[in-house]
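Novice: Position in the sequence shown counted from 1, then plus 907, gives you the numbering used here.
All residues carry an ideal CB built from backbone N, CA and C; glycine is no exception.
All values reported here derive from a predicted model rather than from experimental measurement.
Below is the structure I would like to discuss, written out as structure tokens.
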Amino acid sequence: NRHIIAAPFFPSLEINSRLFAVSHDAQFVFSGGHWDWSLRVYSLIKAKMISSLIHHSDIITCLTLDSTGSILVTGSRDTTCVVWNISSGDSRNSNNINDQESSSFISPAVTLYGHTSAITCLHVSTELDLVVSGSLDGTCNMHTVEHGVYVRTLRPIGDPIINIQLSTERHILIQTEKDDTHLFLYSINGGFIRNRKLDYHVIDMLLSEKHIVLAVNHVTSSQQTNKKLNKESARVVAARIIIKDMFEMKTIQTIRLHTHINCLYFTKDFSHLLVGVKDGKLIVLTAEKKALAKNVIKTL
């Protein structure tokens, strides 16, 4: 079943997948980007908002869940990040939550400081006890999850950081973009490994054990054959999913799609790549676990 939940988002803010997260039991949706600076929690079973929490002093610009579903991290235009604890078990079942208890199953734990401009992207790993945040100020800050202790700052090039990925193999991939798009790969200890300048804009990216997966949209114009008609050229979207070797950053495979890509997501075991596209459909790419770039099949 499809539920439509209306929410007042900040007018000038681009609505994208980084403003939303779904709980692992598929009972709740967490959302940011609201005009009142709130973190909102929606029940998918009740199809209504059950909580609105304000802890930031400006709009929430991104949020992310950890792999266990017990930690949520929000980033804001106020330059801070907040780590939230989410209760587990029957206590958070949406059928059991009343109006008085609606905000008790999620609570702010730690506020992270260190950026001088809006937070643009986040990644959290409770296994590594690490929160990685990127900002328009061009820095990538690392803090511990449990106590919010500052670890280090990465400064790739000075351009705004728009995406960050953290792999289970302890590598950090950073995407910066201003006049050009760059990818930077670091070890979890802050050691620089490799960078690559790209000649295309990356919509979204993922990092697996050994591969980088990029989503790219290209808009071209198909000229009218009859010039006397003087009509506007048609716009054609030619999207690509580009798979690169993580360490060499060389392209291994390209998958072409004839629709606009919005976002990418890996299943937990990296066996399936989910591609969200503009018309609301979901494209599922399957691959061998140990060879992501081989035997890829597109299904709807």
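#1: Can you tell me whether DSSP reads S924 as helix, strand or coil?
#2: With distances taken between CB atoms, is the gap from I993 to S977 smaller than 8 angstroms?
#3: From the DSSP output, which residues share a beta bridge with W991?
#4: Can you list, in chain order, the residues of its chain whose CB lies under 7 angstroms from that of Y1020, leaving out five sequence neighbours each side?
#5: Write down every uninterrupted run of the beta strand (DSSP E) in the region 1061-1137 whose length is 3 residues or greater and which is fully enclosed by it, in chain order.
#6: Since F1173 is in the beta strand (DSSP E), which residue starts that stretch and which ends it?
#7: Find the nearest neighbour of H1108 within the set G1098, L1090 and L946, judged by alpha-carbon distance.
#8: Can you name, in chain order, every residue of its own chain whose Cβ lies under 8 angstroms from the Cβ of I1071, other than the five neighbours on each side?
#9: When the Cα of K1188 is compared with those of N1169, W944 and I1100, which residue comes out closest?
#10: Helix, strand or coil for H931? Go by DSSP, reduced to three states.
#11: I'd like the list of long-range same chain contacts for H1167, defined as Cβ closer than 7 angstroms, with 5 residues on each side in sequence excluded.
#12: Roughly how far, in whole angstroms, is the beta-carbon of T971 from the beta-carbon of R984, given that I think they are within contact range, below 8 angstroms?
#13: Pick from R1077, S1094 and D1066: whose alpha carbon is nearest that of T1088?
#14: Rounding to the nearest angstrom, what Cα-Cα distance links I1064 and T1033 in this structure?
#15: Quick one, are the C-beta atoms of D1036 and T1060 less than 8 angstroms apart?
#16: Using 10 angstroms around the beta-carbon of T1132, count the other beta-carbons present and answer buried if the total reaches 16, otherwise exposed.
Specialist: Looking at the atomic coordinates:
#1: S924 falls in the helix class under three-state DSSP.
#2: Closer than 8 angstroms, so yes.
#3: Paired residues: L979 and P1015.
#4: Closer than 7 angstroms at Cβ, skipping near neighbours: T987.
#5: List check, beta strand (DSSP E) in window: 1068-1073, 1078-1084, 1088-1094, 1099-1105, 1109-1114 and 1118-1129.
#6: For F1173, the uninterrupted beta strand (DSSP E) run begins and ends at I1168 to F1173, by DSSP.
#7: Distance check between H1108 and each of G1098, L1090 and L946 places L1090 closest, using alpha-carbon atoms only.
#8: Contacts found: C1028, L1029, H1030, V1039, S1040, G1041, C1047, I1079, L1080, I1081 and Q1082.
#9: Nearest neighbour of K1188 by Cα position, chosen from N1169, W944 and I1100, turns out to be N1169.
#10: Coil at H931, not helix or strand.
#11: Cβ neighbours of H1167 beyond the five flanking positions: N1124, V1144, A1146, V1184 and K1185.
#12: Not confirmed; about 16 angstroms, so no contact.
#13: With distances taken between CA atoms, T1088 lies nearest to D1066 out of R1077, S1094 and D1066.
#14: Straight-line Cα distance between these residues: approximately 28 angstroms.
#15: Inclusion of D1036 and T1060 in the CB contact set at 8 angstroms is not warranted, their separation being larger than that value.
#16: Reliability fails at T1132, whose pLDDT of 40 lies under 50, so the model's placement of it is uncertain and the value that follows must be treated cautiously. With fewer than 16 neighbouring CB atoms inside 10 Å of its own CB, T1132 falls in the exposed class.
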